[in-house]
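Protein chains in written order, with the numbering used here: chain A, 1 to 366; chain B, 367 to 732. Beta carbons: idealized from backbone N, C-alpha and C, even for Gly. Each remark here refers to the structure printed beneath this line.
Here it is, written out as structure tokens:
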């Protein structure tokens, strides 16, 4: 889908099928700040795997310089051995979820049921901050916890026997239980990865496209420089990764390529979603409704402290969650009242309303 | 897509959106003989990876029996280590192509450009028969070559340090250069895998849906028992794998699962493709047109032996190829005459006409 598949004038009343137009008015117009290229894929797993492949090719290209592949690389790659198939790694965080194909699954660290019985790569993982709530009562402890995790990431980058080409991280660990970290944590991660020559991949498969109260959740962080790649799927109804650096595009053709290259129809659907989000100002709507929802839940949490612990997602739109000791019971009771909410992690209840969720829909929590 | 997503009566003139109906009149009605279940996926790579995952889960379940996961398995799986992430393998053939995501890519052995710089699994590969043409002049040599490959597969199954859960094989190695083996070779492979307790996955991503002159290319073999899994994509406009054994379905929920589970719209499209294939009797058409095409090319090959070597694909519908020492030049010249043909492997020219290709379209070769 990178090249124009059907590049011709519009037919009668049909809209143009010029892929350049579809991308420039759709997927590329929605690109996160600083990123101006997109690689289309089929699923969130596929988006992450192609991002990982781009990271590995970039890393080897840096080492190789202008040299061509060596005969030894070519021969060993066909045997799945180094140096052709190098022993590089992607660093992910405990509690993270990045997909279920073999490469993405190797970086998924949320629950054993996803991983059991599946051969995997010996890739490293780092602790993700375990923050204590309410945040304003634990600012010293939480800052120390985040620094501990950053220090551990640095130690792994310096000592991993399988050199780390990229770190992949979710803005909010979603499947793992709606685990948050501060903007400061992610800014430190960006600085550290730049210092170490390691790419930063932000997995916005769950958080992207408005649910956090910004179009991309990482826009909340005010990073010193953009992430190297941002992956997306789910709400986008299309999948892939954004990037900015031209050298993430391999020099040789067909290295990042497959039959489907995503689905052009989904790129068109995404453009319509984007237009609807803008027409109804849905990102602003999510931010406003999210604020009210969070404040209402904070009041409930004070009133029923045994039911609603660790309320989180302040200033993150409707991406709100809390812990409950009788989680599954609450989810069933809510459903009986017509409210569809879900669980994540071990004991979290998470809200994931659609972008059109408005204050009048929230009367149930009064 | 395994469960009925939208299970309700038809609305007015719209067709039913009952997924059970869509599958039973579409994807499942087209199932290869002996296979009666389908797992839907997003792409050919995804189809193969989910088939591999099913094979690994099946293998461990056989070893584990009725026992639950052990604490050690659960803990080690989260670290990507054995026993939770066992050191099992999938055996593939040199020259095979099975996809480009990390797991499927580990079994792809066609060209280094797909694999270079990407970390891989230390999985074994076996030689695929290198047949000599014309077949009737080399029957002794070819039988010996196929037996050599079967013997090597047996040796690997007996000695691999990473136990082989499944063998994946294409009926005709497509991307690798249209490499054929005899029905006898595949029958021996089926017998051997059953003897060794190893699953046989037939990758029909390229060969499936009619192009070989049968709906599934492996129907040409007359196997003693059906393959354990058959994967599909491309022409199907939907992707996934068929299977017959119920124990390839994991006992626990959510082990084979993801957000998209393929695309219900594509299952509907597949049903329409199937109906059109039947309405126009296209598989029979492919067989007949393929015979005539092959015979015409065989005559040309005798007339121009320096241009058309190793003609192959007899009795395989329009899945026809030959080798050419000036392959790229021939492809360009054909295009200039309005004939779109392609290359595969190192020097093969392959034909992949659509199923509606008929004798009158072939006048160019007179």
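Within the stretch 114-135 of chain A, the residues whose Cβ lies closer than 7 angstroms to any Cβ of chain B are, in chain order, 115, 116, 117, 118, 119, 120, 121, 122 and 123. Residue-level contact by beta carbon fails for residue 587(B) and chain A, as no gap is shorter than 8 angstroms.
For residue 159(A), there are no neighbours in chain B by C-beta distance under 8 angstroms, as the nearest C-beta there is about 16 angstroms away. Under the 10 Å beta carbon count, residue 638(B) is surrounded by fewer than 16 other beta carbons and is classified as exposed.
The Cβ atoms of residue 270(A) and residue 26(A) sit closer than 8 angstroms to each other. Here the stretch 171-181 of chain A makes contact with the stretch 109-128 of chain A; the two share three or more CB pairs at distances below 8 angstroms.
For residue 530(B), there is no enclosing alpha helix (DSSP H); the enclosing beta strand (DSSP E) has its first and last residue at 530-535.
Runs of alpha helix (DSSP H) with 4 or more residues, each lying fully within the stretch 605-677 of chain B, are found at 630-645 and 648-669, listed in chain order. Interface annotation for the stretch 201-215 of chain A against chain B: 205, criterion Cβ-Cβ distance under 9 angstroms.
Taking 8 angstroms as the cut-off, the beta carbon of residue 125(A) is found closer than this to the beta carbon of residue 92(A). Fewer than three beta-carbon pairs drawn from the stretch 326-334 of chain A and the stretch 181-201 of chain A are found closer than 8 angstroms, and the two stretches are therefore not classed as touching. Membership of residue 320(A) in any alpha helix (DSSP H) is not indicated, and neither H nor E is assigned to it by DSSP. Interface with chain B (8 angstroms Cβ-Cβ cutoff): residue 57(A) is included.
The beta carbon of residue 601(B) sits no closer than 8 angstroms to any beta carbon of chain A. Looking at the DSSP output, residue 229(A) shares a beta bridge with 201(A) and 243(A). Sequence-distant Cβ neighbours of residue 600(B) in its own chain, meaning closer than 7 angstroms and more than five residues away, are 410, 571 and 572. Spatial neighbours of residue 228(A) in its own chain (CB-CB distance under 6 angstroms, excluding positions within 5 residues in sequence) are listed in chain order as 199 and 200.
Within the stretch 608-638 of chain B, the residues whose Cβ lies closer than 7 angstroms to any Cβ of chain A are, in chain order, 618, 620, 621, 624, 625 and 626. Residues of the stretch 423-440 of chain B that bring their beta carbon within less than 7 angstroms of a beta carbon in chain A comprise 423, 426, 435, 439 and 440, in sequence order.
By alpha-carbon distance to residue 528(B), the top candidate from 557(B), 498(B) and 449(B) is 449(B). Note that the C-beta distance between residue 50(A) and residue 41(A) is below 8 angstroms.
Between the alpha carbons of residue 107(A) and residue 96(A) lies a distance of about 8 angstroms.
Residue contact with chain B for residue 93(A): absent (no Cβ-Cβ distance below 8 angstroms to any residue of chain B). If you ignore the 5 residues before and after residue 558(B), its C-beta comes within less than 7 angstroms of the C-beta of 516, 519 and 520, all in its own chain and listed in chain order. Taking the beta carbon of residue 446(B) as reference, the chain A residues within 7 angstroms of it are 106, 120, 121, 122 and 123, listed in sequence order.
The continuous beta strand (DSSP E) containing residue 37(A) extends over residues 37-41. Taking a Cβ-Cβ cut-off of 8 angstroms, the neighbours of residue 87(A) in chain B comprise 485, given in sequence order. When 308(A), 142(A), 36(A) and 215(A) are compared, the shortest CA-CA separation from residue 283(A) is found for 215(A).
Looking at the DSSP output, residue 709(B) sits in a beta bridge with 715(B). Contact with chain B is found for residue 101(A), since one of that chain's Cβ atoms lies less than 8 angstroms from the residue's Cβ. Residue pairing from DSSP places residue 492(B) in a beta bridge opposite 459(B).
A check of alpha carbon separations from residue 619(B) across 398(B), 390(B) and 420(B) identifies 420(B) as the nearest. With fewer than 16 neighbouring CB atoms inside 10 Å of its own CB, residue 280(A) falls in the exposed class. Each residue's CA atom was taken as its position, placing residue 258(A) and residue 467(B) some 10 angstroms apart. Excluding its 5 nearest sequence neighbours in each direction, residue 401(B) has C-beta neighbours in its own chain below 7 angstroms: 592, 596, 608, 609 and 610, listed in chain order.
Sorting 486(B), 665(B) and 612(B) by C-alpha distance to the C-alpha of residue 456(B) places 486(B) at the top.
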